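Before any comments, here is the structure.
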Amino acid sequence: MSNVTVNLKKHGITPHASMKYDASDFQNVLKKEYGHHGFLKCTNVIGQSGVRLLEEVRICFNLTHHYMDCHSLGNCPSQFVFPPY
Numbered sequence: 001m002s003n004v005t006v007n008l009k010k011h012g013i014t015p016h017a018s019m020k021y022d023a024s025d026f027q028n029v030l031k032k033e034y035g036h037h038g039f040l041k042c043t044n045v046i047g048q049s050g051v052r053l054l055e056e057v058r059i060c061f062n063l064t065h066h067y068m069d070c071h072s073l074g075n076c077p078s079q080f081v082f083p084p085y
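Letter by letter, the sequence shown follows residues 1 to 85 of this note's numbering.
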């Protein structure tokens, strides 16, 4: 199994305090690396209307431990911030 953060970085997606990324760019990397789309969970930034932060990336598996598309793409808007942690 590979590290999601490493795979995102390999495709030019790195954490940044304010830069917004397209959800489609994340999904494209997940599709290229794992063969399936993932689940992107975002959260609101208190005091900043409309700014969403990526909080979680899920890669889904079936019962035989093979990658599969997640049942939902998540709750992130079309653009969000991928903050350093």
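Where is the CB? At the ideal position from N, CA and C, for every residue including glycine. Values in this document were obtained by computation on a predicted structure and should not be read as measured data.
At which residues does the beta strand (DSSP E) containing residue i begin and terminate?
i	result
Y21	20-22
N44	39-44
Spell out whether any CB of chain D is found under 7 Å from the CB atom of residue i.
i	result
P15	As a matter of chain content, chain D is missing from the structure shown, which is built from one protein chain.
Name the DSSP bridge partner or partners of residue i?
i	result
Y67	F61
Q79	D22
L54	C42
Indicate the three-state DSSP secondary structure (helix, strand or coil) for residue i in the structure shown.
i	result
L8	helix
L73	coil
N85	Note on identity: in this sequence residue 85 is Tyr, with Asn being the wrong assignment. In this structure, Y85 counts as coil in the three-state DSSP scheme.
Practice problem: Kindly confirm or deny that the stretch 32-39 and the stretch 15-23 touch, where touching means at least three C-beta pairs closer than 8 Å. | Solution: The stretch 32-39, when compared against the stretch 15-23, does not touch it at the 8 Å Cβ threshold.
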